[in-house]
Structure formats: structure tokens, C-alpha cells
Amino acid sequence: METEEVQPGVRSMGELPEEVLEYILSFLSPYQEHKTAALVCKQWYRLIKGVAYQCHHGFLRAVQEGNIQGESRTYPYPGTPITQRFSHSACYYDSNQSMYVFGGCTQSSCNAAFNDLWRLDLNSKEWIRPLASGQTQWCVCVCV
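Letter 45 of the sequence shown, counting from 1, is numbered 45 in UniProt numbering, and no numbers are missing.
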């Protein structure tokens with residue numbers, strides 16, 4: 001194993017207390033960035049596993065307690081976000097680490113229903129419109 005050459009007066013990540021390093025690693029995306037950071041060394045692998053465990057169990061606890069909170073953020077990512085909607089279907093597909101969104105209604109009018117499919121790449125945060133094939137199905141939306 002190669003050792004890192006340290007210059008006088010320069011500190012390395014290895015000198016940080018584990019609590020500080022774990023706090024820094026907690027800001028990484030749980031999708032691709034956790035996997036990449038876990039490959040750095042055994043210490044980072046162990047710390048990332050701990051961060052992932054805390055995130056997962058924190059989420060489960062919040063769901064059980066009914067204490068789910070969301071926050072609105074600006075869209076600093078490439079491309080254009082999809083139109084705001086409600087009454088849509090969404091699912092997460094682990095194999096390509098993407099969230100798929102289908103259909104829904106606009107906020108301004110329930111008379112307009114979307115019949116579109118979008119994929120959010122959770123690594124790049126980019127919305128992509130997959131090419132659909134086969135017979136088109138008509139979307140039915142009911143608002144009361």
C-alpha cells in the first residue's frame with residue numbers, strides 16, 4: 001500500500017477525526033456518490049455504511065412516526081424540470097438509479113391530464129423523456 005507524501009504544514013483527510021469525516025460523508029448523494037466514496041479505503045467504506053444505515057433507519061422512523069418533511073429547492077441541474085403535477089404515479093428503479101414519473105394533472109386545471117413518462121436520473125439529477133413503444137393508452141384522470 002502506498003503512503004501519502006505529506007508536505008510540511010499540509011493536512012490530509014486521514015488526519016480528520018472520524019466523527020468529522022463521517023459528518024462530511026453524510027452530505028454525499030446516497031446513489032452513486034456513496035458507492036464511489038466507499039471504494040476509497042476501508043475506513044471510508046465503514047463510515048459510508050454507517051451513514052447509509054443512519055439515513056435508512058432515520059427514514060423508516062420518520063415514516064412510522066408520520067413525521068415526513070419535504071423542502072422546496074431551486075433547480076440548479078442541467079435540462080428543464082418537468083411540469084409541476086399531482087395525482088401522478090412514481091416509482092424508483094434501483095438498477096439504473098432512476099425515478100420514473102407517469103401522468104398526473106396540472107395544478108391550474110384538472111381538465112388537463114398528462115399521458116407522459118419521465119425518468120429522473122438520480123446521479124445527474126437530469127430529467128429524461130424515455131422513448132415509448134407499443135400502442136398508446138389513453139389516460140383517464142378524475143378530480144373531485
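We treat Cβ as the ideally placed atom computed from N, Cα and C, and that holds for glycine.
- Distance from the Cα of Ser95 is smallest, within the candidate group Asp121, Leu28 and Glu18, for Asp121.
- In the three-state DSSP reduction, Tyr92 falls in the strand class (E or B).
- Rounded to the nearest whole angstrom, the CA to CA distance from Pro130 to Thr36 is 27 Å.
- Looking at the DSSP output, Ser26 bridges to nothing.
- Counting along the chain, Leu117 sits inside the beta strand (DSSP E) bounded by residues Ala113 to Asp121.
- Straight through space, the alpha carbons of Phe102 and Arg119 are spaced by roughly 9 Å.
- Residue environment analysis places Leu47 among the buried positions, since at least 16 neighbouring C-beta atoms fall within 10 angstroms of its C-beta.
- For Ile128, the uninterrupted beta strand (DSSP E) segment begins and ends at Glu126 to Ile128.
- Following the DSSP letters along the chain, one finds Tyr100 inside the beta strand (DSSP E) bounded by residues Ser98 to Cys105.
- Selection Arg85, Gly14 and Ser98 evaluated against Phe114 yields Arg85 as nearest (Cα-Cα).
- Distances from the alpha-carbon of Ile128 to those of His88, Pro81 and Ala90 put Pro81 closest.
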